[in-house]
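Participant: Residues in the sequence shown are numbered consecutively from 1367, following the working numbering.
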Amino acid sequence: MRPSEKVLLKSKKSPQKHFMKKIRPQCGLIIENAEREILLQLRDDKPGLEYPNCWGTFGGQIEEGETPQEALIREVREELNYDVESPELYRVYSFDGYDIYMFSTVNKKITLNDFDVREGQRAGFFSREAAAKIPCAFNCREIVEDYFRRRAVK
């Protein structure tokens, strides 16, 4: 599938109520290390936060006038103090009324020590098997499963 094609993901309702619906497109990044594990973010456990204590990708909202790639680079710098080099748009997902532009990059030398987590509780690398066992935010589980499935055929 070409990145310009969209994949529709089924909306899963948060167990919490009264959250503001996202109306702007979002972006996210999967960083893969030498062990073919991917980096995920453990969200904060704060009152009022949707999907607290769940794992998701790093990224966020695409602001007016930004391209998805510009937004991704800004968000990752803000959340991880990390400069992404050559992120590749691998798929656009439609979820709950908005689009998510998902990028990926592979860095065989990267470790958790390369990041300064500034948003969320922490970061962690996960294998396909480990990622299947963790609580995920929003549509992260479907995105991660799709990523590993697509990587397996390369």
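For glycine and all other residues, C-beta sits at the position ideal for the given N, C-alpha and C.
Who pairs with Ala-1489 in a beta bridge, going by DSSP?
Facilitator: Along the sequence shown, read from residue 1 onward, the residue named residue 1489 stands at position 123. Answer is Gln-1407.
Participant: Quick check on the DSSP output: the beta strand (DSSP E) that includes Leu-1446 runs from which residue to which?
Facilitator: For the purposes of this step, residue 1446 is taken as residue 80 along the sequence shown, with counting starting at 1. Not the beta strand (DSSP E): Leu-1446 falls in the alpha helix (DSSP H), residues 1434 to 1446.
Participant: What's the gap between the Cα of Cys-1420 and the Cα of Arg-1409?
Facilitator: Translated into positions along the sequence shown, residue 1420 becomes position 54. Translated into positions along the sequence shown, residue 1409 becomes position 43. Rounded to the nearest angstrom, the two C-alpha atoms are 6 Å apart.
Participant: Tell me which residue opens and which closes the alpha helix (DSSP H) that Ile-1509 is part of.
Facilitator: As a working mapping, residue 1509 is identified with position 143 in the sequence shown. Its alpha helix (DSSP H) spans residues 1506 to 1518.
Participant: Please list, in chain order, all residues of the same chain as Glu-1403 whose beta carbon is under 6 Å from its beta carbon, the five residues on each side excluded.
Facilitator: Indexing the sequence shown from 1 puts residue 1403 at position 37. So the qualifying residues of the chain are Phe-1491, Phe-1492 and Ser-1493.
Participant: To the nearest angstrom, report how far apart Phe-1514 and Thr-1471 are at their CA atoms.
Facilitator: On the sequence shown, position 148 is the one that residue 1514 refers to. On the sequence shown, position 105 is the one that residue 1471 refers to. In a straight line, the C-alpha of Phe-1514 is about 13 Å away from that of Thr-1471.
Participant: So, at 8 Å on beta carbons, what are the nonlocal neighbours of Arg-1517 in its own chain, with the 5 sequence-adjacent residues on each side left out?
Facilitator: Looking up residue 1517 in the sequence shown gives position 151. Closer than 8 Å at Cβ, skipping near neighbours: Glu-1398 and Arg-1402.
Participant: DSSP three-state call for Glu-1495: helix, strand or coil?
Facilitator: Here residue 1495 corresponds to residue number 129 of the sequence shown, with the count starting at 1. The answer is helix: DSSP assigns Glu-1495 an H, G or I state.
Participant: Measuring CB to CB, does Tyr-1448 end up less than 9 Å from Gly-1394?
Facilitator: For the purposes of this step, residue 1448 is taken as residue 82 along the sequence shown, with counting starting at 1. For the purposes of this step, residue 1394 is taken as residue 28 along the sequence shown, with counting starting at 1. It is not a contact, given that the beta carbons lie outside the stated cut-off.
Participant: Who does Leu-1478 pair with in a DSSP beta bridge?
Facilitator: Taking the sequence shown and counting its residues from 1, the one referred to as residue 1478 is at position 112. Answer by DSSP bridge pairing: none, since Leu-1478 is not bridged.
Participant: Compare the Cα-Cα distances from Ala-1489 to each of Leu-1406, Arg-1390 and Pro-1453 and report the closest residue.
Facilitator: Locating residue 1489 in the sequence shown gives position 123, counting from the first residue. Closest by alpha carbon: Leu-1406.
Participant: Taking the alpha carbon of Asp-1480 as the reference point, which residue from Arg-1443, Pro-1391, Glu-1436 and Tyr-1464 has its own alpha carbon closest?
Facilitator: Along the sequence shown, read from residue 1 onward, the residue named residue 1480 stands at position 114. The shortest Cα separation from Asp-1480 among Arg-1443, Pro-1391, Glu-1436 and Tyr-1464 belongs to Arg-1443.
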